[in-house]
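Read the structure below first, then the notes.
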Amino acid sequence: MSNLFARTEPASRSFGVAFFAGIMGGLISAFVKSGTEGIMPPRTPDRVPPPIQMIQDMGIDIHNMVYTYSDQVVNWGGSLIHILFSIVWAVIYCMAAEIFPKVKLWQGMAFGIGVTILFHGIMLPVMNLSPAPWNLPFDELFSELIGTLLWMWTIEIFRRDLRNRLTKKPDPEFQ
Numbered sequence: 327m328s329n330l331f332a333r334t335e336p337a338s339r340s341f342g343v344a345f346f347a348g349i350m351g352g353l354i355s356a357f358v359k360s361g362t363e364g365i366m367p368p369r370t371p372d373r374v375p376p377p378i379q380m381i382q383d384m385g386i387d388i389h390n391m392v393y394t395y396s397d398q399v400v401n402w403g404g405s406l407i408h409i410l411f412s413i414v415w416a417v418i419y420c421m422a423a424e425i426f427p428k429v430k431l432w433q434g435m436a437f438g439i440g441v442t443i444l445f446h447g448i449m450l451p452v453m454n455l456s457p458a459p460w461n462l463p464f465d466e467l468f469s470e471l472i473g474t475l476l477w478m479w480t481i482e483i484f485r486r487d488l489r490n491r492l493t494k495k496p497d498p499e500f501q
């Protein structure tokens, strides 16, 4: 436990590349998460997705935030919040990985579990955007967990690949 917060040498860090990897990994992983939700819907049809509810709670008419693609109405407002959330957390993760190697535990999936607990277990219920975890159906918990693990793993794959390709060096803890 004492080396949980072990730090890398400052000279071996590459924050610019980490920031870029976070943006790219966050963008692509948002599509991975959306794809997972298409296969395993994370909530029952009667519940409004949290990003949509958040927009409505701000007094914005969600019906004005749509476009039609392939004869289907798509809500770009909710998707935009999901994508921005993904990019922000991917950048945080990639920057943290430059300093704290243990953040990459289980190829980043431990971090993903932490994000799941923080948002689906605490933040969304506190903001009245979702019921408390113990009041959610198993299907929703399972879908969110699997989707978040794949989301985070995608970010780690992008982080590792882009960092190694662009710096031509291994991760900071191996230098």
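Going left to right, the sequence shown walks through residues 327 to 501 as the numbering used here numbers them. Beta carbons: idealized from backbone N, C-alpha and C, even for Gly. Every value quoted in this text rests on a predicted model; they were computed, and no experiment measured them.
Beta carbon of residue i nearer than 8 Å to that of residue j
i, j, result
"S355", "E424", "no"
"L475", "G438", "yes"
"G385", "I481", "no"
"M421", "F484", "no"
"G434", "W402", "no"
Best match in the options for proximity to residue i [C-alpha to C-alpha]
i, options, result
"M380", "I407, G434, H389 and I418", "I407"
"I409", "L462, K359, R373 and W432", "K359"
"S376", "M350, G361 and F411", "A small fix is needed here, since residue 376 is Pro in this sequence, not Ser. Comparing Cα positions, the closest option is F411."
"A347", "R369, V417, F445 and S405", "V417"
"F357", "R369, W477 and N461", "W477"
"P324", "K430, G473 and F445", "Any property of residue 324 remains undetermined from this structure, which presents the chain solely from 327 to 501."
"L462", "T370, R333 and G361", "T370"
Alpha-carbon spacing of residue i relative to residue j, whole angstroms
i, j, result
"F313", "K428", "Past the boundaries of the shown model lies residue 313; the chain is included only from 327 to 501, so the question cannot be answered."
"V414", "D397", "31 Å"
"G464", "A337", "Reading off the sequence, residue 464 comes out as Phe, not Gly. Each residue's alpha carbon lies about 46 Å from the other."
"I443", "R486", "24 Å"
"L268", "Q501", "In the structure as shown, the chain begins at 327 and stops at 501. Residue 268 is therefore absent and cannot be evaluated."
"V343", "D372", "42 Å"
"Q382", "P496", "45 Å"
"G404", "V374", "10 Å"
"P457", "G473", "19 Å"
"R426", "T394", "With the sequence shown as reference, residue 426 is identified as Phe, and Arg is not the correct amino acid for it. Looking at the two C-alpha atoms, the distance is approximately 43 Å."
"Y419", "A436", "11 Å"
"E335", "H446", "34 Å"
"M350", "N329", "30 Å"
"L488", "I378", "33 Å"
"V305", "K494", "What is shown of the chain runs 327 to 501, which leaves residue 305 out entirely."
"W432", "G361", "22 Å"
"R491", "R333", "22 Å"
| task | Take every Cβ of the stretch 355-372, pair it with every Cβ of the stretch 447-454, and state whether three or more of those distances are shorter than 8 Å. | result | no
| query | Between the stretch 464-480 and the stretch 386-393, are three or more C-beta pairs nearer than 8 Å? | reply | no
| Contiguous alpha helix (DSSP H) assignments of at least 4 residues, all confined to the stretch 384-429 | 402-425
| task | Pick out the complete alpha helix (DSSP H) segments inside the stretch 453-497, 4 residues or longer, and give them in chain order. | result | 464-493
| Uninterrupted alpha helix (DSSP H) stretches inside the stretch 350-388 (no shorter than 4 residues) | 376-383
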